[in-house]
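Participant:
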Amino acid sequence: MSRIKVELKKEQIDKIKTICQSFNNNGGELINVLHKVQGTFGYLPAEIQEVVAQELNEPIAKVYGVVTFYSFFTMLPKGKHPISICTGTACYVRGAEKVLDELKKELKIKVGETTSDGKFSISCLRCVGACGLAPVLMVGNKTYGRVAPEMVKDILKEYEAM
């Protein structure tokens, strides 16, 4: 995973501090704090994690451990249209890997990366609970079922102008 150096502005640091204070700077609320901070900034780079650790009086290693353990959290910015492909058993056996290969080819990025224009990012999920529609692809909150590699170009075109 590539590391992006982020310079936090005073307003951003103040916003993180305000979020921490809304949870009474309680280390027991770490996951809730991280959810809210990621909702505000879109991701949790090391610099943001350091401020959270300091405000909650928790070791940076603990904060980093939580961020890297839970797949919901990301340390890299996601694209405007985040693409998630299910690689759970049903989707996998019905060709999710071929759909994923097509996505990587079309967007010229790997899983976990974002296109240079910031429009798309790709991630894998274990299960979206739509096994009857396998393989399943999500773009933002929109779900596409029974996706074949040939459908990838048309799905991406829906979001090109947005």
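Residue numbers (this note's numbering): 121 to 282.
Don't be surprised by glycine CBs; every beta carbon is placed ideally from N, CA and C.
Small disclaimer: the values here were computed from a predicted structure and weren't measured.
1) Buried or exposed: where does LYS198 fall if 16 or more other Cβ atoms within 10 Å of its Cβ makes it buried?
2) Who are the Cβ neighbours of THR194 in its own chain at under 6 Å, not counting the five residues just before and after it?
3) Per DSSP, what kind of secondary structure is TYR212 in: helix, strand or coil?
4) Taking only three categories from DSSP, how would you classify PRO269?
5) Does the stretch 169-178 come into contact with the stretch 204-219, if we say contact requires no fewer than three beta-carbon pairs (one atom in each stretch) closer than 8 Å?
6) Rounded to whole angstroms, what's the CA-CA distance from LEU253 to ARG266? Just pull it up for me.
7) May I ask you to list the residues that DSSP assigns as paired with HIS201?
8) For MET121, which residues of its own chain have a beta-carbon under 8 Å away from its beta-carbon, when the five flanking residues on both sides are left out?
9) So VAL187 packs on GLN169, CB below 8 Å; how close in whole Å?
Facilitator: Well, looking at it:
1) buried
2) TYR163
3) helix
4) When DSSP states are grouped into helix, strand and coil, PRO269 belongs to the helix group.
5) Touching, no, given that fewer than three Cβ pairs across the two stretches are closer than 8 Å.
6) Answer to the nearest angstrom: the Cα atoms are 5 Å apart.
7) PHE240
8) In this prediction, MET121 has a pLDDT of 46, which is less than 50 and means its spatial position is unreliable; what the coordinates show is noted afterwards. For MET121, where only same-chain residues beyond five positions count, the Cβ hits under 8 Å are MET195, LEU196, GLY232.
9) Yes, VAL187 and GLN169 are in contact; Cβ-Cβ is about 6 Å, under 8 Å.
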